[in-house]
Amino acid sequence: MGVRPVLPAALLALTAVCLAGCSSVDDPEASAVAQRFLTLAQSDAARACALLAPRTVQRLQDDSGDCSSGLEKARPPAPDGVRGVTVAVNSAQVLMGDQAVFLARFASGWRVTAAGCTRASSDDAVPYHCAIEGS
Numbered sequence: 020m021g022v023r024p025v026l027p028a029a030l031l032a033l034t035a036v037c038l039a040g041c042s043s044v045d046d047p048e049a050s051a052v053a054q055r056f057l058t059l060a061q062s063d064a065a066r067a068c069a070l071l072a073p074r075t076v077q078r079l080q081d082d083s084g085d086c087s088s089g090l091e092k093a094r095p096p097a098p099d100g101v102r103g104v105t106v107a108v109n110s111a112q113v114l115m116g117d118q119a120v121f122l123a124r125f126a127s128g129w130r131v132t133a134a135g136c137t138r139a140s141s142d143d144a145v146p147y148h149c150a151i152e153g154s
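Given below as structure tokens:
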């Protein structure tokens, strides 16, 4: 499975909402889910899949037959120290080391929508390329 760019529209939506009132204060729940997901993705893909948003699970299943196999093929980077968290209503971006993890808030809590995301350049207009994503 190759690295896929996250849709620019999704990033523009997050940016637009941020302009209307984002919080760069650490959201402990979003950070915890992002870190737990990346940790489990290294050792227990089945449990890591439980932390993914439904579309992301579906994408991995479509690409690899099942979520666990998809995670093992994608091999997202191990978690690193959290550098920042941006929350925009029901979306969050957690920056860890050289990667970003995107999450969405569901009734059941935060779920990972994309992980292992890096920018191709420092230009904010360039979308992220993600090892795992659901859109």
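Oh and the sequence shown: position 95 is 114 in our numbering, straight run, nothing missing. We put the beta carbon where it would ideally sit given N, CA and C, even for glycine. Every value quoted in this text rests on a predicted model; they were computed, and no experiment measured them.
Hey, how far is the Cα of residue i from the Cα of residue j?
i, j, result
"Gln118", "Ala69", "21 angstroms"
"Ala49", "Thr58", "14 angstroms"
"Cys136", "Gly153", "12 angstroms"
"Gly100", "Tyr147", "20 angstroms"
"Val52", "Ala97", "13 angstroms"
"Ser62", "Leu90", "10 angstroms"
"Arg78", "Ala65", "15 angstroms"
"Arg138", "Cys149", "9 angstroms"
"Asp143", "Thr132", "20 angstroms"
"Met115", "Ala134", "10 angstroms"
Is residue i close to the ligand PLP? I mean its beta-carbon at under 6 angstroms from any heavy atom of the ligand.
i, result
"Asp143", "Ligands in the displayed structure: none, and consequently the ligand PLP is not present."
Look up residue i in the DSSP assignment and say whether it is helix, strand or coil.
i, result
"Arg138", "strand"
"Ser127", "coil"
Hey, residue i and residue j: beta-carbon distance below 7 angstroms or not?
i, j, result
"Pro95", "Ala123", "no"
Contact check, residue i vs residue j under 8 angstroms by CB: the rounded distance?
i, j, result
"Phe56", "Ala72", "At roughly 11 angstroms, the Cβ-Cβ gap does not stay under 8 angstroms, so Phe56 and Ala72 are not in contact."
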